[in-house]
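Position 32 of the sequence shown, counted from 1, bears residue number 39 in our numbering, the numbering being contiguous throughout. By construction, the Cβ of each residue, glycine as well, lies at the ideal position given by its N, Cα and C atoms.
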Amino acid sequence: MIMRSARNLKWQQAIKMLVTSEQREAFERDGYFVTDKLFTDELLDSTADDFERLRNIMDAERAEDGGDSINIVGRNFIWDMHDKSSAARQLAVGETMSQLAMELIGDDVRLYWDQAVTKAPRTGGKFDWHQDSGYYPIVPEEYLTIWLPLHDVNEHNGTLAVMPGSHRWGLQEHKKAEDSPDLVGYDGDDPGVTIDVAKGRAIAMSSMCLHRSGPNQSDQARLAYVIQFCPSFAIDPNTGGPRGAWIEVARGGEVVCDQLPEGELGELGVGNSTKQQVTGINARKSGKKPRPLGGRV
8 MIMRSARNLK WQQAIKMLVT SEQREAFERD GYFVTDKLFT DELLDSTADD
58 FERLRNIMDA ERAEDGGDSI NIVGRNFIWD MHDKSSAARQ LAVGETMSQL
108 AMELIGDDVR LYWDQAVTKA PRTGGKFDWH QDSGYYPIVP EEYLTIWLPL
158 HDVNEHNGTL AVMPGSHRWG LQEHKKAEDS PDLVGYDGDD PGVTIDVAKG
208 RAIAMSSMCL HRSGPNQSDQ ARLAYVIQFC PSFAIDPNTG GPRGAWIEVA
258 RGGEVVCDQL PEGELGELGV GNSTKQQVTG INARKSGKKP RPLGGRV
């Protein structure tokens with residue numbers, strides 16, 4: 008397990024711990040827990056506005072290229088949101104999330120991956136059972152996923168369901184779904200446990216924990232921010248080097264958060280005129296290799 012012992016935290020006497028003993032036990036036993044309220048409604052609303060603004064840009068560019076909008080395909084992904092939205096950056100590499108990651112992983116932690124996931128109203132499709140480690144393996148293979156909805160979520164609008172204890176099963180074989188580019192790591196009859204999450208809270212989950220999400224049957228888009236962390240020494244097994252984002256959030260048992268200079272936002276940055284796409288469509292135009300879709304629901 009990636010869970011670190013609370014007694015090893017050098018700074019635990021100086022600040023309030025975010026993970027309670029009960030949550031720690033649940034994480035060890037079940038592979039996940041629901042956090043207390045971490046963020047203000049105002050910050051979540053600002054992030055949601057940025058998600059929608061960027062998605063509208065992407066939809067417009069898809070239309071120019073003859074592609075389908077989210078209202079047709081049902082799902083939308085925007086990678087590296089910390090580099091495109093000041094509000095998202097406060098969530099992903101701010102003090103609160105950095106502290107949470109350090110409490111769960113250890114003294115040296117970095118941001119591994121983050122992305123916005125939108126399910127369109129009435130058309131946002133399901134994700135099948137999978138482990139995040141089944142999509143993007145690293146060494147060590149277990150890392151931390153924070154699934155942060157930007158509003159209240161439940162079964163009706165496509166919240167997560169998890170398989171308690173599945174983080175102890177080891178990495179499962181994942182096969183491509185018949186009707187989507189998704190990978191499937193479990194096709195049995197166990198429905199798992201559906202988790203309602205109130206706005207401001209999040210699901211903290213081992214990347215080895217099987218999870219899925221249902222379709223969005225509501226009249227509003229379902230917005231979730233997926234933020235993942237790994238030990239700073241984690242490597243890509245194919246290259247031996249780092250994989251994903253390389254932003255330290257904790258070093259030597261101390262939080263070293265938000266290291267991106269204020270105002271330096273990357274592609275699709277909110278507030279600037281850059282509209283360069285980061286989807287597979289524009290990656291093909293530029294000759295870059297598109298990133299795989301799916302996972303991180």
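- Under the three-state reduction of DSSP output, V256 falls in the strand class.
- Judged by DSSP secondary structure, Y119 falls within the beta strand (DSSP E) whose first and last residues are V116 to K126.
- When DSSP states are grouped into helix, strand and coil, H137 belongs to the strand group.
- In chain order, T125, K126, A127 and P128 place their CB closer than 7 Å to the CB of A228, counting only its own chain and leaving out the 5 sequence neighbours on each side.
- When rounded, the separation of the alpha-carbon atoms in E261 and V304 is 30 Å.
- When secondary structure is reduced to three states using DSSP, F46 falls in the coil class, being assigned neither helix nor strand.
- Burial state of T42 is buried, judged by a 10 Å Cβ sphere holding 16 or more other Cβ atoms.
- With contacts defined by Cβ atoms closer than 8 Å, V100 and S239 do not form a contacting pair.
- If the five residues before and after N223 are omitted, its C-beta is found closer than 6 Å to the C-beta atoms of K126, G131, N164, G165 and R229, all from its own chain and listed in chain order.
- Judged by DSSP secondary structure, Q179 falls outside any beta strand (DSSP E); it is assigned neither H nor E.
- Taking C264 as the centre and dropping the five residues before and after it, the same chain places the C-beta of V100, G101, E102, S105 and V256 closer than 7 Å to its C-beta, in chain order.
- Nearest to K91 by C-alpha distance, out of H137, T152, I64 and G74, is I64.
- Secondary structure at E261: strand, using DSSP grouped into helix, strand and coil.
- Between the alpha carbons of Q138 and A70 lies a gap of roughly 33 Å.
- Secondary structure of L155 (DSSP, three-state): strand.
- Here Q227 carries a coil assignment [DSSP, helix/strand/coil].
- For V41, the enclosing beta strand (DSSP E) has its first and last residue at Y39 to V41.
- Under the three-state reduction of DSSP, T103 is assigned to helix.
- When beta bridges are read from the DSSP output, Q235 appears opposite W120 and T152.
- Nearest C-alpha to L167 among R258, D87 and H218: H218.
- Check the Cα spacing between L178 and each of V233, K23, E148 and S225: the tightest is with E148.
- Burial is judged here by how many other beta carbons sit within 10 angstroms of a residue's own beta carbon; D196 has fewer than 16 and is exposed.
- No Cβ-Cβ contact shorter than 8 Å links G207 with L61.
- Of the residues assessed, G141 falls on the buried side of the cut-off, its CB having 16 or more other CB atoms within 10 angstroms.
- A direct Cα-Cα distance of roughly 7 Å separates D189 from D135.
- F58 carries a helical assignment under DSSP once its states are collapsed to helix, strand and coil.
- D114 and A67 have their alpha carbons spaced roughly 43 Å apart.
- In this structure, the CA atom of E180 is about 21 Å from the CA atom of Q235.
- Counting along the chain, V26 sits inside no beta strand (DSSP E), nor does DSSP assign it H or E at all.
- If you look at A168, you'll find it in the beta strand (DSSP E) that goes L167 to V169.
- Here M212 is bridged, per DSSP, to Y39 and T152.
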